[in-house]
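K.L.:
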Amino acid sequence: MKQTIHRSRVRVRALLYVAASTGVWALLQAPAWAFGSGVTVWLPESVSTTAPMIDRLFYTILAITGAAFVLGQLTLGGVLIKYRRRPGQRATYIHGNHLVEVVWTAIPALILLGLAYQSQRVWATVKGTPPPADLHIEVTAEQFAWNIRYAGADGQLNTADDITTINQLHLPVGKTVLVHLKSKDVIHSFFVPQFRMKLDAVPGLTGQLWVSTTKRGHYEIACAQLCGLGHYRMRGYLVIESPEQFQQWLAQTLAEQNT
Ligand SMILES: [Cu+2]
0 MKQTIHRSRV RVRALLYVAA STGVWALLQA PAWAFGSGVT VWLPESVSTT APMIDRLFYT
60 ILAITGAAFV LGQLTLGGVL IKYRRRPGQR ATYIHGNHLV EVVWTAIPAL ILLGLAYQSQ
120 RVWATVKGTP PPADLHIEVT AEQFAWNIRY AGADGQLNTA DDITTINQLH LPVGKTVLVH
180 LKSKDVIHSF FVPQFRMKLD AVPGLTGQLW VSTTKRGHYE IACAQLCGLG HYRMRGYLVI
240 ESPEQFQQWL AQTLAEQNT
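Just so you know, we're using numbering that gives the first Met the number 0 here: the sequence shown kicks off at 0 and counts up by one.
1) Would the beta-carbon of Met233 be found less than 8 Å away from any heavy atom of ligand 1?
2) DSSP three-state call for Glu141: helix, strand or coil?
3) Going along the chain, which residues of its own chain have a beta-carbon closer than 8 Å to the beta-carbon of Ala132, five neighbours each way excluded?
4) Rank Asp54, Val23 and Asn257 by C-alpha distance to the C-alpha of Asp161 and give the top, closest one.
5) Going by beta-carbon coordinates alone, are Phe57 and His169 separated by less than 9 Å?
6) Give me the DSSP bridge partner(s) of His337.
7) Any heavy atom of ligand 1 closer than 8 Å to the CB of Ser188?
8) Should His94 be labelled buried (16 or more other beta-carbon atoms within 10 Å of its own) or exposed?
9) Report the rounded CA-to-CA distance for Leu112 versus Gln119, giving the unit in angstroms.
10) Fully enclosed by the stretch 156-206, which beta strand (DSSP E) runs are 3 residues long or longer?
11) Which value, in whole angstroms, describes the spacing of the CA atoms of Val78 and Ala19?
12) Between the stretch 187-194 and the stretch 42-55, are three or more C-beta pairs nearer than 8 Å?
13) DSSP puts Arg148 in a beta bridge; with which residues?
14) Sorted by chain position, which residues of the same chain lie with C-beta nearer than 6 Å to Pro202's C-beta, five sequence neighbours on each side aside?
15) Of all the options Pro86, Gly173, Ala108 and Thr91, which has the alpha carbon lying nearest to the alpha carbon of Ile63?
16) Is Thr258 helix, strand or coil by DSSP?
17) Entirely within the stretch 64-131 and at least 4 residues each: give me those alpha helix (DSSP H) ranges in chain order.
18) Give every residue of the same chain whose Cβ lies closer than 8 Å to the Cβ of Ser47, excluding the five residues on either side of it in the sequence, and list them in chain order.
19) Please look up how many angstroms separate the CB atoms of Leu180 and Val138, rounded, as I've assumed it's under 8 Å.
20) With DSSP collapsed to three states, give me the class of Val210.
21) With distances taken between CB atoms, is the gap from Ala66 to Trp24 smaller than 9 Å?
22) Taking Cβ positions, are Gln142 and Met233 nearer each other than 9 Å?
23) Is it buried or exposed, Val11, if we count other Cβ atoms within 10 angstroms and call 16 or more buried?
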């Protein structure tokens, strides 16, 4: 009688354990399913050509680590139940198993190599030589604002006819933009979550980041480095619009600047 109760308890515990692990696994996988079906659950929407490849890598790593977690926990639970203390059973001393050790070292090593290869490809695309740009802009961070500079009629930055704005970044959709990033004072960080793009603005250096926009909309530019007391209000506004609207906005900004 006692034995039967004990067994059913163990069974219930095992079931609970499996249910909990499956729940955690499902929770981890939810974003990957959502990504597959185009729903955004975890990450903000993506509006650049490189964002989907970064997301894919992120979700691949999440799925692999999620599966490893669940497998590891299930194995641990299974071993605990199978080899639990039983009356009259003595512990045995074992010396390990070479084959098993080789397998569980080789498989993660291969997975890591695959991930490293994939990461390197994404990195080379995002951080390697930028593609030819349709538009060059200069962004200079300062405590606590973004100074944005567009080339004027001469197509050259840092000349008398430049168009400048504060915290207002407009970009044409479907174009490749090269951002030249500077800082006037301390280290800031230019971050647009929808681009999956972040770059530190370091005084004395000019950083470069490129982006090809894919979707119109209103987004925010955050400073991702604690840059002083006003860091919390260092926020820029990004508008991605049609090339015609962009040209119109540029002309309007220039007219306002000249008056
Ligand atoms: Cu800042």
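For every residue, glycine included, the Cβ atom is placed at its ideal position computed from N, Cα and C.
P.N.:
Quick answer:
1) yes
2) strand
3) Thr175, Val176, Leu177 and Trp209
4) Nearest C-alpha to Asp161: Asn257.
5) no
6) Only positions 0 to 258 of the chain appear in the structure, and residue 337 is not among them; the question remains open.
7) yes
8) exposed
9) One alpha carbon belongs to Leu112, the other to Gln119, and they sit about 10 Å apart.
10) 162-165, 167-171, 175-182, 187-191 and 196-200
11) 17 Å
12) yes
13) Glu137 and Thr163
14) Ser182
15) Ala108
16) coil
17) 97-126
18) Cβ contact annotation for Ser47 (same chain, cutoff 8 Å, sequence separation greater than five): Gln193, Phe194, Arg195, Met196, Val210, Ser211, Thr212 and Thr213, in chain order.
19) 5 Å
20) strand
21) yes
22) yes
23) exposed
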